[in-house]
Amino acid sequence: KNLLLTKPYERLFQPTLGSQIDSLLFEPITPLTGSLIKDEVIRTISNFEPRAKIASIDVISYPDQNGYQVSLFFYVANKTEPVGINLVLKRSR
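The number in the numbering used here is simply the position in the sequence shown, starting from 1, with 48 added.
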């Protein structure tokens with residue numbers, strides 16, 4: 049969750065750590081934007097957390113609330129059961 053909600057250049061001495069999800073929230077809510085959010089989640093997890101293997105990702109758009117719900121299930125090294133995270137992404141000013 050911390051990796052996905054951290055913006056690049058937000059952490060000292062680690063300028064590349066983080067994701068661009070925040071900038072995608074200001075795009076129009078379309079299936080393409082949902083797909084870009086999914087790709088960004090995959091890129092961020094694969095680049096910065098090698099111990100996690102993604103099992104599934106679902107991105108659901110909520111145009112009336114101006115946001116997305118991201119359901120992420122992944123396997124952690126040395127664990128047999130998947131771990132799940134639900135994030136509600138909304139743009140903030």
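Just so you know, even glycine gets a beta-carbon here, dropped at the ideal spot from N, CA and C.
Since the structure is predicted, the reported quantities are computational estimates derived from the model, not experimental observations.
Exercise. Considering only residues of the same chain and omitting the five flanking positions on each side of A125, which have a CB-CB separation below 7 Å?
Worked result: As a first step, residue 125 must be located in the sequence shown, where it is residue number 77. Excluding residues within five positions, the ones whose Cβ falls inside 7 Å are R99.
Problem set entry | E75 beta carbon less than 8 Å from that of T81 | Along the sequence shown, one-based indexing puts residue 81 at 33. Along the sequence shown, one-based indexing puts residue 75 at 27. Contact: yes.
Problem set entry | Nearest neighbour of F96, chosen from L65, A103, S71 [CA to CA] | Locating residue 96 in the sequence shown gives position 48, where the first residue counts as 1. Checking every option, the nearest Cα to that of F96 belongs to L65.
Exercise. So, using beta-carbon positions, are T54 and S67 closer together than 8 Å?
Worked result: As a working mapping, residue 54 is identified with position 6 in the sequence shown. As a working mapping, residue 67 is identified with position 19 in the sequence shown. The answer is yes: Cβ separation under 8 Å.
Problem set entry | L60 classed as buried or exposed, judged by whether at least 16 other C-beta atoms fall within 10 angstroms | Along the sequence shown, one-based indexing puts residue 60 at 12. Label assigned to L60: exposed.
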